[in-house]
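Peer 1: Structure in structure tokens, see below.
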Amino acid sequence: KAGVTQTPRYLIKTRGQQVTLSCSPISGHRSVSWYQQTPGQGLQFLFEYFSETQRNKGNFPGRFSGRQFSNSRSEMNVSTLELGDSALYLCASSGGTPGNTIYFGEGSWLTVV
Amino acid sequence: GNSVTQMEGPVTLSEEAFLTINCTYTATGYPSLFWYVQYPGEGLQLLLKATKADDKGSNKGFEATYRKETTSFHLEKGSVQVSDSAVYFCALSEMGTTGNQFYFGTGTSLTVIP
Chain B
0 KAGVTQTPRY LIKTRGQQVT LSCSPISGHR SVSWYQQTPG QGLQFLFEYF SETQRNKGNF
60 PGRFSGRQFS NSRSEMNVST LELGDSALYL CASSGGTPGN TIYFGEGSWL TVV
Chain U
58 GNSVTQMEGP VTLSEEAFLT INCTYTATGY PSLFWYVQYP GEGLQLLLKA TKADDKGSNK
118 GFEATYRKET TSFHLEKGSV QVSDSAVYFC ALSEMGTTGN QFYFGTGTSL TVIP
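Residue numbers (the numbering used here), protein chains in the order written: chain B, 0 to 112; chain U, 58 to 171.
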């Protein structure tokens, strides 16, 4: 069974640009959540999607957005990039029931210069 | 609200030493508790989990017991190996809520030296 796949793995963007990251969940999983990982802040929850609907949202500015498609694949977008957005962005999938284990992808490393 | 507090690192141990990483939590409801491990350059992998009080999760020689009375979920291993060097995250997910949001501790870096 294939795991969670994230693309791209590495990218470098310039301040002010926007970026889109993609996540394909484990087959059959309907919940996809996104986390930002930085050395200073640890793992911070961005949002969770379930059946194409955003179900939970963390405390991030509106520049961070996401969506989920009918095949459960998800994208997250960050607009007007800032240096502080440099981070590892992790996607995780699960069956969606509260308390279910979430399974992570390897992440997308974003560097903003 | 929900939160997880875990032992500050980094932790350095000699091979075959005993490992304990402390984790305590605050939850408004009935959480499931998890330990995840992250190897360099990779995402997080589930190490073990426990879904109710007094449950013991175990995997690859690691163990953790869900202690409701002390709101703790300490990770232990009797004899660590060099290959256990990684960052360990304690986490909770609360049952009975909409959504499956996880709350993570700050992570504890473990280095095992031969």
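Quick reminder that beta carbons are idealized off the backbone N, C-alpha and C, glycines included. In this text, all values refer to a predicted model and were calculated from it rather than measured experimentally.
Go through its chain and collect everything with a Cβ distance to residue 14 of chain B's Cβ below 8 angstroms, but skip five positions before and after it.
Peer 2: As a working mapping, residue 14 of chain B is identified with position 15 in the first sequence. If we look at residue 14 of chain B and ignore the five residues flanking it on each side, its Cβ neighbours are 80, 81, 82, 111 and 112.
Peer 1: Measure the alpha-carbon distance for residue 86 of chain U versus residue 35 of chain B and round it to whole angstroms.
Peer 2: Position 29 of the second sequence, counting from 1, holds the residue named residue 86 of chain U. Position 36 of the first sequence, counting from 1, holds the residue named residue 35 of chain B. Distance between the alpha carbons of residue 86 of chain U and residue 35 of chain B: 25 angstroms.
Peer 1: Could you run through the region 87-113 of chain U and flag, in chain order, every residue whose CB is less than 9 angstroms away from some CB of chain B?
Peer 2: Residues 87, 88, 89, 91, 93, 95, 98, 99, 100, 101, 102, 103, 106 and 108.
Peer 1: So with CB distances below 8 angstroms, who are the chain U contacts of residue 89 of chain B?
Peer 2: As a first step, residue 89 of chain B must be located in the first sequence, where it is residue number 90. Residues of chain U passing the Cβ test: 100 and 101.
Peer 1: Only counting the same chain, and skipping five residues up and downstream in sequence, which positions put a Cβ closer than 6 angstroms to that of residue 78 of chain U?
Peer 2: Position 21 of the second sequence, counted from the first residue, corresponds to residue 78 of chain U. Cβ neighbours of residue 78 of chain U beyond the five flanking positions: 64, 132, 145 and 165.
Peer 1: With three or more beta-carbon pairs closer than 8 angstroms as the criterion, would you say the region 122-141 of chain U touches the region 92-111 of chain B?
Peer 2: Judged by Cβ distances under 8 angstroms, the region 122-141 of chain U makes no contact with the region 92-111 of chain B, as fewer than three pairs qualify.
Peer 1: Which residues does DSSP pair with residue 88 of chain U in a beta bridge?
Peer 2: Locating residue 88 of chain U in the second sequence gives position 31, where the first residue counts as 1. U:151, per the DSSP bridge assignment.
Peer 1: At a CB-CB cut-off below 7 angstroms, which residues of chain U make contact with residue 101 of chain B?
Peer 2: Counting from one through the first sequence, the residue named residue 101 of chain B turns up at place 102. Here the neighbours are 157 and 159.
Peer 1: Using a cut-off of 8 angstroms between C-beta atoms, extract the partners of residue 150 of chain U located in chain B.
Peer 2: Translated into positions along the second sequence, residue 150 of chain U becomes position 93. Neighbours of residue 150 of chain U on chain B, chain order: 97, 98, 99 and 101.
Peer 1: For residue 93 of chain B, count neighbouring Cβ atoms within 10 angstroms of its own Cβ and tell me buried if that reaches 16, exposed if not.
Peer 2: Counting from one through the first sequence, the residue named residue 93 of chain B turns up at place 94. When all chains shown are included, residue 93 of chain B counts as buried.
Peer 1: Look at the Cβ atom of residue 61 of chain B, then the Cβ atom of residue 43 of chain B, and state whether they are nearer than 8 angstroms.
Peer 2: For the purposes of this step, residue 61 of chain B is identified with residue 62 of the first sequence, where counting begins at 1. For the purposes of this step, residue 43 of chain B is identified with residue 44 of the first sequence, where counting begins at 1. In this structure, residue 43 of chain B does not lie closer than 8 angstroms to residue 61 of chain B by Cβ.
Peer 1: Going by the CB atoms, is the gap between residue 88 of chain U and residue 151 of chain U shorter than 8 angstroms?
Peer 2: Here residue 151 of chain U refers to the residue found at position 94 when the second sequence is read from its first residue. Here residue 88 of chain U refers to the residue found at position 31 when the second sequence is read from its first residue. Taking 8 angstroms as the Cβ cut-off, residue 151 of chain U and residue 88 of chain U qualify as a contacting pair.
Peer 1: According to the neighbour-count rule (16 or more other Cβ atoms, all chains shown, within 10 Å of its Cβ), is residue 143 of chain U buried or exposed?
Peer 2: Numbered from 1 along the second sequence, position 86 holds the residue referred to as residue 143 of chain U. It counts as buried.
Peer 1: Is the CB-CB distance between residue 119 of chain U and residue 101 of chain U below 8 angstroms?
Peer 2: If you number the second sequence from 1, residue 119 of chain U lands on position 62. If you number the second sequence from 1, residue 101 of chain U lands on position 44. Result no, Cβ atoms of residue 119 of chain U and residue 101 of chain U do not sit closer than 8 angstroms.
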